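Residue numbers (the working numbering), protein chains in the order written: chain A, 9 to 231; chain B, 20 to 333.
These notes concern the structure reproduced below.
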Amino acid sequence: MIQLHNVFMSYQRDATALNGVTLHIPKGDFVFLTGASGAGKSTLLRLLYGALKPTRGQVVVDGQNISRLPPGQIPYLRRGIGVVFQDFKLLPNRTVLENVAITLEVLGWGKKDIGKKVFHILRQMGLEHKINATPLRLSGGEQQRVALARALVNDPRILLADEPTGNLDEENKAQILNFFKEANIRGTTVVVATHDRRLLENGHRRVVVLDKGAIAEDGDVQK
Amino acid sequence: MSRNKPAKRARLANEGVPGRLKYFTARAVANIRQNVFVNVVTVGTITLALLILSLFLLVFVNLEGLADNWSKRVQVTAYFDQEPSPQELGTIRAGIQSLPGTAQVVYVSKEEAVTRFRARLKGQESLLEGVSADILPASFEISLKRESRDSEAVEAYVARLKRIPGVAEMQYGEEWVRRFNTFMNFMRLVGALLGGFLLLAVVFIVSNTIKLTIYSRKEELELLGLVGATRMFIKAPFLIEGVIQGAAGSLLALVILCACYFGFLHNAGNFLSFNPADTGLSFLPAGYLAGIFFGGMLLGFLGSMTSLKRFISI
Chain A
9 MIQLHNVFMS YQRDATALNG VTLHIPKGDF VFLTGASGAG KSTLLRLLYG
59 ALKPTRGQVV VDGQNISRLP PGQIPYLRRG IGVVFQDFKL LPNRTVLENV
109 AITLEVLGWG KKDIGKKVFH ILRQMGLEHK INATPLRLSG GEQQRVALAR
159 ALVNDPRILL ADEPTGNLDE ENKAQILNFF KEANIRGTTV VVATHDRRLL
209 ENGHRRVVVL DKGAIAEDGD VQK
Chain B
20 MSRNKPAKRA RLANEGVPGR LKYFTARAVA NIRQNVFVNV VTVGTITLAL
70 LILSLFLLVF VNLEGLADNW SKRVQVTAYF DQEPSPQELG TIRAGIQSLP
120 GTAQVVYVSK EEAVTRFRAR LKGQESLLEG VSADILPASF EISLKRESRD
170 SEAVEAYVAR LKRIPGVAEM QYGEEWVRRF NTFMNFMRLV GALLGGFLLL
220 AVVFIVSNTI KLTIYSRKEE LELLGLVGAT RMFIKAPFLI EGVIQGAAGS
270 LLALVILCAC YFGFLHNAGN FLSFNPADTG LSFLPAGYLA GIFFGGMLLG
320 FLGSMTSLKR FISI
């Protein structure tokens, strides 16, 4: 599903964010990317959804080579990838319903179908009573669940999450992790970038450790 | 739990050009409702900018009208040595009327010339005692068409007129025509320069205001790109929004212009016409009004388009 071959990424000449990363993530896998701040976790995720192109090497996602993908094709690649951002990226002047509906509007769904599907996923997330609220009226955990609902509403083949539990309490962390697991059980390939050790200890998962832009460790962690 | 598969392709209500257009327009209207303040600021800026431009056009159009009025005084008078017979008169009149540039030909007989002269000397009629009608020559007073009123065209016209047999002498106030034309060319140049700068300022102010409103929503643009929206999908509602803003701004400017004109400008005196018979300023012709309206829409559209380029990275 995801393949990186000897990937280098530099923002400027001297600052190398990724240094010869080779990684294979099969379909249906659940991977934690971890490492210290600046290790290259976010850069790697950004490469996967086409926000960046590698300086050198090949990045293949869902059969598409990102390095050679024309800009006009990137939106179609992204339609199969759900992304949960560290800062949520919710639109403050739109309701919860409208925030989640964006993903389906882009796909051209009709209003009625969008309503049904969004309500369904918000109920799964326990947010059906907040459907008409704006994000600013929600707690951090609720905002994160709205962001997750937006990423999952179109049943993506891949789910990427960048520090999804950064500012959440333990209860909310566990809840968010459960949603990731459920999505993974449904067949979604999940990649979570985090430096939260507790999240990593929460079950048998593959953990890829990045250090200064290179893979320092790649293996299963069992608690 | 259902197996994961690519997003089920539900019935797409927004497919096809009409469906897409309907969706984009609805999205643009929703955007305006969700961002009332920035939209009010943008429409207000467009209104003010176009109102200033409209007022300038109003003054310019009236000055042009005034100049046109003045230029009617550009007249060629062809004098005869001897009063022509009615037959000769008809031939000469037909010759003059066939000349390109002739608007109107009026025959002034010797008697009529003396009558006019007497009228001008009102109160000093004694000066004309014993003077017969023979003293003044008969003439044709020729008004010229608008395009033949500048000094070169008048000279060319006079040259052609000289070739008509029977005409002895011509007068057309060469110096006045030359000065008038120089003055008018100067006025037009100043008008074009002022208008050009004003237009540039309007385009600059409006496009920057739109740029600021789009900047305030750059997160929305970014997010749309991240969830897989195409360039067209992101841009279309913003472009429609720009057109709506432009239309609203120009319409408001025209309403205020109408209110100003019919409120006090139409009877603001005769300071431009210098003619007590005139009723004051005339309003902008329909073509100009339509131009301002559609220009406003175009301004909104182009302002949005150039601003969007900066904020859409895909």
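The beta-carbon is built from N, C-alpha and C at its ideal position, and this holds for glycine as well.
Since the model is a prediction, treat every value here as computed from it, not as a measurement.
Inter-residue distance for A/Lys35 and A/Leu115 is about 23 Å (C-alpha atoms, whole angstroms).
Cβ atoms of B/Leu163 and B/Ala122 come within 8 Å of each other, at about 6 Å. The region 212-229 of chain A and the region 42-54 of chain A touch, with no fewer than 3 CB-CB distances between them shorter than 8 Å.
Per DSSP, B/Met324 is not a residue of any beta strand (DSSP E); the alpha helix (DSSP H) it occupies stretches across Ala305 to Phe330. Scanning its chain for C-beta atoms nearer than 7 Å, with the 5 sequence neighbours on each side dropped, one finds around A/Gln151 the residues Phe96, Leu98 and Pro143, in chain order. For a cut-off of 8 Å, the C-beta gap from B/Gly247 to A/Arg87 is around 4 Å, short enough to register as a contact. For A/Thr24, the uninterrupted beta strand (DSSP E) segment begins and ends at Thr24 to Ile33. Glu190: these are the residues of the region 177-190 of chain A whose beta carbon lies less than 9 Å from some beta carbon of chain B, given in chain order. The Cβ atoms of B/Gly310 and B/Ile263 do not sit closer than 9 Å to each other. Nearest CB-CB separation between A/Pro83 and chain B: below the 9 Å threshold. Taking 8 Å as the upper bound on Cβ-Cβ separation, chain A lies near residues Glu238, Glu239, Glu241, Leu242 and Leu243 of the region 224-243 of chain B.
Scanning chain A for C-beta atoms nearer than 8 Å to the C-beta of B/Phe320 yields nothing, as the closest lies near 23 Å away. Taking a Cβ-Cβ threshold of 9 Å, the residues of chain A close to B/Asn54 are Asn101, in chain order.
The residue among B/Asn88, B/Ala113, B/Leu76 and B/Lys129 with its C-alpha nearest the C-alpha of B/Gln101 is B/Lys129.
Look at the region 242-258 of chain B: the residues with a C-beta under 8 Å from a C-beta of chain A are Leu242, Leu243, Gly244, Leu245, Val246, Gly247, Ala248, Thr249, Arg250 and Phe252. Look at B/Arg329: its C-beta is not under 9 Å from any C-beta on chain A.
Put simply, of B/Lys328, B/Leu276, B/Leu317 and B/Gly261 the residue whose alpha carbon is nearest the alpha carbon of B/Arg46 is B/Gly261. In this chain, the alpha helix (DSSP H) harbouring B/Asp87 covers Val55 to Ser90.
Measuring C-alpha to C-alpha distances from B/Arg39 to each of B/Ile253, B/Ile51, B/Thr232 and B/Leu67 identifies B/Ile253 as the nearest.
In the structure shown, B/Ser158 adopts extended strand secondary structure according to DSSP, grouped into three states.
Excluding five sequence positions before and after B/Leu218, the CB atoms of its chain that fall closer than 8 Å to its own CB belong to Leu72, given in chain order. In this model, A/His203 and A/Ala23 are separated by some 21 Å (Cα to Cα). Taken atom to atom, the span from the alpha-carbon of B/Arg207 to that of B/Ser167 is near 17 Å. Per DSSP, the beta bridge partners of A/Asn73 are A/Val68. For A/Gln11, the enclosing beta strand (DSSP E) covers residues Ile10 to Ser18. Take A/Asp219, set aside five residues on each side of it, and the residues of its chain with a beta-carbon closer than 6 Å to its own are Gly43 and Ala47, in chain order.
Counting every other CB atom within 10 Å of its CB across the protein chains shown gives A/Phe38 a total of 16 or more, marking it as buried. Comparing alpha carbon positions, the residue from B/Leu327, B/Leu308 and B/Phe330 closest to B/Leu69 is B/Leu308. Look at A/Met133 here: in three-state DSSP terms it is coil, with no helix or strand label. DSSP places B/Phe43 in the helix class (H, G or I) of the three-state scheme.
A direct Cα-Cα distance of roughly 41 Å separates A/Pro164 from B/Val225. A/Phe188 is classed as buried because its beta carbon has at least 16 other beta carbons within 10 Å across all chains shown. Scanning the region 130-190 of chain A for uninterrupted beta strand (DSSP E) segments of 3 residues or longer gives 166-170, listed from N- to C-terminal end. The region 137-149 of chain B makes no contact with the region 168-176 of chain B: fewer than 3 CB pairs, one atom from each, lie closer than 8 Å. Per the coordinates, the alpha-carbon of A/Met9 lies some 16 Å from the alpha-carbon of A/Ala191. According to DSSP, B/Tyr126 shares a beta bridge with B/Phe159.
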